[in-house]
Amino acid sequence: MFETFKEKTNQVLYAAGFTILLIAETFLSLRFSVEKRKEILDQMFIAGVGSLFVVSVVAVFTGMLLTLNTGLGLKDFGAEGQVGLLLTVTLTREMSPFMTALILAASIGSAMAAEIGTMKVSEEIDALEVMSIDPVRFLVFPRILGFSIMVPVLCVYSSILGICGGAVVGHFQLGLEFIVYFQDVYERITSIPGLKDLYTGLFKGYIFGLIISSISCSHGLRTSGGAIGVGRATRESVVNSFLMVIFFGYVITAIFYRQ
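Below is the structure:
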């Protein structure tokens, strides 16, 4: 039992150290951003446009579900008019970054791990090293930078769609006027607490994007064992990304909103 615990602990520590060093190497490669601009733009397109449909559908229905459940609860107290305010706070601060990160981890992050893992087991990465080509600069850097840039953008996009979906439900299910609803949304966003919610959500989106892309690339570079190893690395990258998103989401909220 102790040997198993020791082995698992060593694996976790090695994976964490490998991922941290990978992030450090990525930041050191920022000076090659202009040189790698085409690859970065390609990854931004994959992360942004490639997942736009799924993010759109989930964002709209998330806003509708939150509005319906919150509105029905507030209706018992005669406060259903506050649903726009509550929805704006919930989406911009928590739900949009969290929801977007989980979608991208399951779709784009798993694809990253699978692509790099396949290159690893087929010895393509070893071939790059033989040709004196840095795998981090060639493969990892464009993916991490492009992914982490697009996640905050998608957070704003999903917040807007969620608020619009909530407006439809609020009007037809709760009897709220569109003008009153969007006026509450505008007043919240333009207030100081609303701006804090907004930049907290954007910061979360960037951190989530950095975490997901780093973990996915890290699992891909550490893949071994052929096709089975690629499947295992892909599955572990998604699971670990989910866990880290939940953990860092709580930590960031606790830091920004501590009393």
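The working numbering applies: residue 627 is where the sequence shown begins, and numbers increase by one. Here a beta-carbon is modelled for each residue, glycine too, at the ideal position from N, C-alpha and C.
Q) Between ALA737 and ILE786, what straight-line distance do the alpha-carbon atoms span, to the nearest angstrom? A) 27 Å
Q.
Assuming contact is defined by CB atoms lying nearer than 8 Å, are VAL777 and TYR832 in contact in what I supplied?
A. yes
Q: Round the Cβ separation of ALA673 and SER784 to the nearest angstrom and send it over; I've been treating them as touching at under 8 Å.
A: That belief does not hold up - the Cβ atoms of ALA673 and SER784 are roughly 14 Å apart, past 8 Å.
Q.
Taking only three categories from DSSP, how would you classify SER659?
A. coil
Q: Measure the Cβ-Cβ separation of PHE868 and LEU728 and say whether it is below 8 Å.
A: yes
Q) Under the three-state reduction of DSSP, which class applies to ARG884: helix, strand or coil? A) coil
Q. Looking at C-alpha atoms only, which residue of ASP668, MET745 and ILE878 is the closest neighbour of LEU771?
A. ASP668
Q) For PRO819, is the classification buried or exposed, using 16 other Cβ atoms within 10 angstroms of its Cβ as the cut-off for buried? A) exposed
Q. What is the rounded straight-line gap between the Cα of ALA732 and the Cα of ASN636?
A. 26 Å
(Q) By alpha-carbon positions, which one of ALA650, PHE804, LYS830 and GLY743 ends up nearest to PHE882? (A) LYS830
Q. Can you tell which of LEU713, SER774, GLY788 and PHE798 has the C-alpha that lies nearest to the C-alpha of PHE653?
A. SER774
Q) Do the region 849–859 and the region 739–749 meet, that is, are 3 or more Cβ pairs less than 8 Å apart? A) yes
Q.
Considering only their Cβ atoms, is the gap separating GLY796 from GLY697 smaller than 8 Å?
A. yes
Q: Could you check what DSSP says for SER817 in three-state terms: helix, strand or coil?
A: coil
Q.
Is it buried or exposed, PHE628, if we count other Cβ atoms within 10 angstroms and call 16 or more buried?
A. exposed
Q) What is the DSSP secondary structure of ARG861, counted as helix, strand or coil? A) helix
Q) Under the three-state reduction of DSSP, which class applies to THR879: helix, strand or coil? A) helix
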